[in-house]
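Colleague: Residue numbers (this note's numbering): 11 to 284.
For every residue, glycine included, the Cβ atom is placed at its ideal position computed from N, Cα and C.
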């Protein structure tokens, strides 16, 4: 299974073109759209999406992450093998939050241009043992659509059994976006907003599990105790709720917390024990 995570949106043909490239090489590959609504070039949001979603996919899934502000630069394209799943991604830190719970067993730099477009379109059939044509080096400076030219064809070939050793050398260092861990204090926990979701909920880094009696505040403003559902408060009321991602979220029942309180990633939140 190939799982796509991009910031391409759906109003342009980029996602469809990537799927077309995959289908042209591996027509039987199952392709799942995880999300294409990541805010443009927002590596932090992509990191959260990957961290909170990957564990729900079956063993053997290959995640293809194309949220890539450095496209066309000297940043590397990497392949990583975790305990149950694999990942193809730009070396910009996007897997850093995921690696807290799924450490990588092996990481390789994807360097063999024979598996990129245009060569990918003429690769012979035959899966694992197929020999690609002569090396097609990536043009100097790369391109502006490496989701099509590199990520899609490489993912397709991997789904057909291409040995990962043929991609390029094993590396020991790569970029990891640091996870902003909450600070545990005697009086409670201090953290921050990680991301704001489509509904305007501010997802924090305060863990939802193990939170007993206490009050949540946002930028010094009291929100209230941690609730288990939105319907525990009247419509229009702000609340702190145990979110599905395992973190406390700040919400407005039937409304948009981020719009009402002008919440953005990095804003301070706190849980104060009673």
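1. Under the assumption that residue 94 contacts residue 114 (Cβ atoms under 8 Å), give the Cβ distance between them as a whole number of angstroms.
2. According to DSSP, simplified to helix, strand and coil, what is residue 99?
3. Nearest to residue 55 by CA position, among 102, 24, 21, 264, is which residue?
4. With DSSP collapsed to three states, give me the class of residue 108.
5. Can you tell me the Cα-Cα spacing of residue 174 and residue 117, whole angstroms?
6. Once you ignore the five residues that flank residue 156 on each side, which residues in its own chain have a CB closer than 6 Å to its CB?
7. With respect to the alpha helix (DSSP H) encompassing residue 164, which residues constitute its N-terminal and C-terminal limits?
8. Which residue wins for smallest C-alpha separation from residue 278, given the options 63, 50, 204?
9. Can you grab the Cα-Cα spacing for the pair residue 166 / residue 31, in whole Å?
10. Ordered along the chain, which non-local residues of its own chain (more than five positions away) have a Cβ less than 6 Å from that of residue 25?
11. Less than 7 Å between C-beta atoms, sequence neighbours within five positions excluded: which residues of the same chain meet that for residue 184?
12. Hey, residue 57 and residue 187 are a contact pair by Cβ (cut 8 Å); roughly how many whole angstroms apart?
Modeller: Answer, in terms of the structure:
1. No, residue 94 and residue 114 are not in contact; Cβ-Cβ is about 12 Å, not under 8 Å.
2. Residue 99 falls in the strand class under three-state DSSP.
3. 102
4. helix
5. 10 Å
6. 81
7. 162-169
8. 204
9. 8 Å
10. Residues 18, 46 of the same chain have their beta carbon placed closer than 6 Å to that of residue 25, with the five preceding and five following residues left out of the count.
11. 88, 101, 117
12. 5 Å
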